[in-house]
Amino acid sequence: MHRVTLEWRDGREATVEVAEGETVIDATERDGLGVPYGCLHGACATCTGRLLDGDLVHVERANGLKPRHRQAGYVLLCIAEPRSDCRIEVGAEVQADLVPNPWK
Amino acid sequence: MSTDEPSSTAEKHGHEHHEVEGPGYPTPAAMRTESEREKTAFVIALRVGMDVDGSDFIGVVDLDPESDTYSELVDTVEMPNKGDELHHFGWNSCSSSCHTEGLMRDHLIVPGQRSSRIHILDAEDPRNMEIEKVIEPEEIFEYDLSAPHTVHCVPGGKVVISMLGDANGELPGGFLQLDQSDFSIDGHWEADRGDMEMNYDYWYQPRHNVMISTEWAAPKTYYPGFDLDDVEEGKYGDSIHIWDWENKEHQQTLNFGEEGQIPLEIRMPHDPEETQGYVGAALSSNILRFWEESDGVWEWEKVIDVESREHPDWDMPVPGLVTDIVLSLDDQYLFFSNWLHGDMRMYDVSDFGNPRLVDRIWTGGNFADRQEIQGTEIRGAPQMLQLSRDGKRIYWTTSLFSSWDNQFYPEIGEKGSLMMKADVYPDEGRMELDEDFLVDFGDAPGGPARAHEIRWPGGDCTSDVWQ
């Protein structure tokens, strides 16, 4: 069991206990925290978070992230399991950071 | 026949090759002239990619001007799971099934783009729909398919859904076939995919034994958002595919190159004799016409080119981004949306190879003067279109796709999107924004939502194909 602290950009914070073999999204859903998600198999990146602290591993291939995203600390919470206590930035705005408007 | 009654065997069919009566209308002209005004709209609405802890839903919008709840969201049918990204949907049967006795247009097939979950809704009573069956993603993945998109009922008691990815969200995708009677999965529709590597929308003309499909990209490419690097790496489509409808075999690829990047929506004329059509290339912002030559080979040409525009505060010229196109039931007018610019255009296409711009409406987007209606900020720009059967009213929503909304119009992700309407005067070749009509999906029960594809009970300009 690891304690995962979630931080939204509006200042909200929540902590969820994530069991061994449980993904972060499974835990946030269990607690009704409303973290966005989509495909649940690492393809769509709707559940993107940014790992601020701790150890988190993808248990399936994170197809929805490019190498530059992974290097920047982005993680897909639908296929991510904590290996230590973590702090993660969450919310729809985090996903939106993956790809900026190219014309702007 | 009332608009909101499921079309069924009750209707008399006039054309001579009918031995039985089925759902739909015998001809496009019959649908245009014999049906009543639309009274209800089914509108896809979703919460994916928003900080709203809720499911996607089908919104039921009152379109009856005589009703006290006109222009209001009067009902919602919530999906049983979150995260679906409902996108496009279709009927169990339509006019292409009109030779099949005993069928009714009474079930909606509602796929989730991200979840790959397919919902079957009993829509016999449009103001009281119910979810009848859910096909779970794991059942789809068994066929190495994901990301369902276009749903068409097809002759022979089947429903065919274009699928954009394999089970991992990678290429090539294919077509999933369902049985019309119990919505069980038959398997892949296609017998030979040929060199089709990407998929998106499709249209078919059974009288000419042809189906034509378009290309977006691999789900893992377009799901997270639009990246120009992916375009440069050739990860987005630039071709359409010609199929033998009977044999289900790929026959020919039309490669558009730079002129046809990201060819999304495809429409062929409702006249089943026609062997031509249009495809809207979103990124190139062109309308391309394709047609069959007398030797059976298909050709194409660009017929409309939307110029990119300089934005005073942006670095690069901005394409219109043609995201949806629709043809009137009499095949006289073509409408399309420029989602990044903010206009919706109307072309006279009575000379199909020479479309003539007759009118446009500017609302929202990055260039329109009009940025609010009824005091409400226009979040997004004209996107998914639906035209009334009589061609006199056009409705649109303003959301494209959750991650792309968040990239280009982030306010949609925060406050939801809108449904709007214009009155169309086909005899005069013009449109007029109806400022009395506005459905703000920001006020949806349970929190803001993104409104996407629109359908009418009784059929519409983008769901029916005639044999």
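Protein chains in written order, with this note's numbering: chain A, 1 to 104; chain B, 1 to 467. For glycine and all other residues, C-beta sits at the position ideal for the given N, C-alpha and C. These numbers were taken from a predicted model, which means no experiment stands behind them.
DSSP, read as helix, strand or coil, puts A:K104 in coil. Taking all protein chains in view, the Cβ of B:T323 is crowded by 16 or more other Cβ atoms within 10 Å, so the residue is classified as buried.
In this structure, B:A449 places its C-beta atom within 8 Å of the C-beta atom of B:R47. Look at the beta carbons and you see the segment 48-65 of chain A not touching the segment 115-130 of chain B: under three pairs across the two are nearer than 8 Å.
At least one CB of chain A lies nearer than 8 Å to the CB of B:F226. When DSSP states are grouped into helix, strand and coil, B:W404 belongs to the helix group. Sequence-distant Cβ neighbours of B:E132 in its own chain, meaning closer than 6 Å and more than five residues away, are I120, D122. For the pair B:P457 and B:T33, the CB atoms are not nearer than the 8 Å cut-off.
Just so you know, the alpha carbons of B:T462 and B:R267 end up roughly 8 Å apart. When beta bridges are read from the DSSP output, B:T33 appears opposite no residue.
Where B:P137 is concerned, the enclosing alpha helix (DSSP H) starts and stops at 137-141.
Scanning B:L228, B:V279, B:L357, B:W245 for the CA closest to the CA of B:Y204 turns up B:W245. Using a Cβ-Cβ cut-off of 7 Å, A:G21 is close to nothing in chain B; its nearest Cβ partner there is about 19 Å away.
Against chain A, the CB of B:Y143 has no partner CB under 8 Å away; the residue lies outside that interface. Put simply, the CB of B:R114 is near chain A, with a gap under 8 Å to one of its CB atoms.
For chain A, the residues of the segment 314-345 of chain B that bring a beta carbon within less than 9 Å of one of its beta carbons are W314, D315, M316, P317, V318, P319, L340, in chain order. Boundaries of the alpha helix (DSSP H) harbouring B:V231: 228-232, taken from the DSSP string.
At a cut-off of 8 Å between beta carbons, B:D51 contacts chain A. Look at the segment 80-99 of chain B: the residues with a C-beta under 9 Å from a C-beta of chain A are K82, G83, D84, E85.
Between B:P263 and B:G225 a beta carbon distance of about 20 Å is seen, past the 8 Å cut, so the two are scored as non-contacting. Inclusion of B:V424 and B:I378 in the CB contact set at 8 Å is not warranted, their separation being larger than that value.
Taking all protein chains shown into account, A:R9 has fewer than 16 neighbouring C-beta atoms within 10 Å of its C-beta and is therefore exposed.
Listed along the chain, the chain A residues whose CB falls inside 8 Å of the CB of B:S184 amount to none; the nearest CB is some 23 Å away. In this structure, B:G380 places its C-beta atom within 8 Å of the C-beta atom of B:S399. In this structure B:V231 is in contact with B:L283, their Cβ atoms being roughly 7 Å apart against a cut-off of 8 Å.
Between the segment 429-449 of chain B and the segment 298-311 of chain B, the count of Cβ pairs shorter than 8 Å is below three; the stretches do not touch. Distance between B:G173 and B:N247, taken at the CA atoms: about 19 Å. Contacts between B:F367 and chain A, judged by CB atoms closer than 9 Å, are missing: the closest CB pair is about 12 Å apart. Under the three-state reduction of DSSP, B:S337 is assigned to strand.
Contact annotation: B:W243 and B:I212 have beta-carbon atoms nearer than 8 Å. In this model, B:L176 and B:D369 are separated by some 43 Å (Cα to Cα). With respect to the C-alpha of A:T28, the residue from A:G38, A:G21, A:V16 having the closest C-alpha is A:V16. Membership of A:E93 in any beta strand (DSSP E) is not indicated; the residue belongs instead to the alpha helix (DSSP H) covering 92-96.
The Cβ of B:N406 sits closer than 8 Å to at least one Cβ of chain A. By the beta-carbon neighbour count (other beta carbons within 10 angstroms, threshold 16), B:P80 is exposed. Using a CB distance cut-off of 8 Å, B:V48 counts as an interface residue toward chain A.
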